[in-house]
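Quick notes on the structure that follows.
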Amino acid sequence: MWQTLFEIDIKYVPIKPIGRGAYGIVCSSLNRETNEKAAIKRINNVFENRIDGLRTLRELKLLRHLRHENVIGLKDVMMPIHKRSFKDVYLVYELMDTDLHQIIKSSQQLSNDHCQYFLFQVFASRPEVSPLCKYSPRDLKPGNLLVNSNCDLKICDFGLARSGNGKDVWSVGCIFAELLGRKPIFPGTECLNQLKLIVNVLESQKEPDLEFIDTRRRENTLKHFRIQLGPH
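Going by UniProt numbering, the sequence shown opens with residue 1, and the numbers climb by one from there.
Below, the structure is given as structure tokens:
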């Protein structure tokens, strides 16, 4: 499977690889005992980097307690075969058909009703709306919004999550724009280029608009972009 060995419990039968990212590989599988399909995520070398290890632990702890219809369900955590020397972690999630990124880049038509329903489900899981979900993922993007054939949507990846409100409002707006335009609204090549694109769209900000910035260096960076772009 992408030349990767999956050391999983014998009750799970691997079916096929369905995704890979910075933190590992995901495959679909069948639980022999329940006859249910699931997604198994292998997180590679989880202890190699302290920050990555903390993110994995945070996601595991949050998803074990979160119960919301629009948040992906954590079904199982596999115990390692070698408890003193294991490097990889296997997490078992409920299986979804695809993600919003794949839908957006496909030729499938998206009606206003589709867009409205997807956004409704994202907002339904927000801390401001649901008392069942008190955490903001802080990494909302189409690739982290899983969807099935009924257009049911579930948020995944809580490695950066924090408690509190208002942390993902900008992300939701960008997702909405991408749904309507079928392409990213700010297609930056790297972080500074991304910031330039955002400043270009928002146009020149007045001094009160920059009061939220907590460091002088960041404020100067934004002001530099404003000078480069010039007046609109």
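Each residue gets a CB set at the ideal place from its N, CA and C atoms; glycine is no exception.
Please read these numbers as outputs of a predicted model, since none were measured by experiment.
- Looking only at R182, P137 and I51, the smallest Cα-Cα distance to Q102 is reached by R182.
- The C-beta distance from V46 to V89 rounds to 5 angstroms, short enough to fall under 8 angstroms.
- G21 and N144 have their C-alpha atoms spaced approximately 11 angstroms apart.
- Rounded to whole angstroms, the Cβ separation of I72 and C156 is 4 angstroms, and the two are in contact under 8 angstroms.
- With a cutoff of 8 angstroms on beta-carbon distance, L63 and F186 are scored as not near each other.
- Sequence-distant Cβ neighbours of D139 in its own chain, meaning closer than 6 angstroms and more than five residues away, are D157 and L160.
- Between W170 and the set S136, R216 and K75, the nearest pair of CA atoms involves S136.
- Between the alpha carbons of F120 and K83 lies a gap of roughly 43 angstroms.
- By alpha-carbon distance to I18, the top candidate from L95, I213, K11 and L100 is L95.
- By the Cβ-count criterion, I10 is exposed, with fewer than 16 other Cβ atoms from all chains shown falling within 10 Å of its own Cβ.
- Between V122 and V172 a beta carbon distance of about 6 angstroms is seen, short of the 8 angstroms cut, so the two are scored as contacting.
- One alpha carbon belongs to D214, the other to N49, and they sit about 28 angstroms apart.
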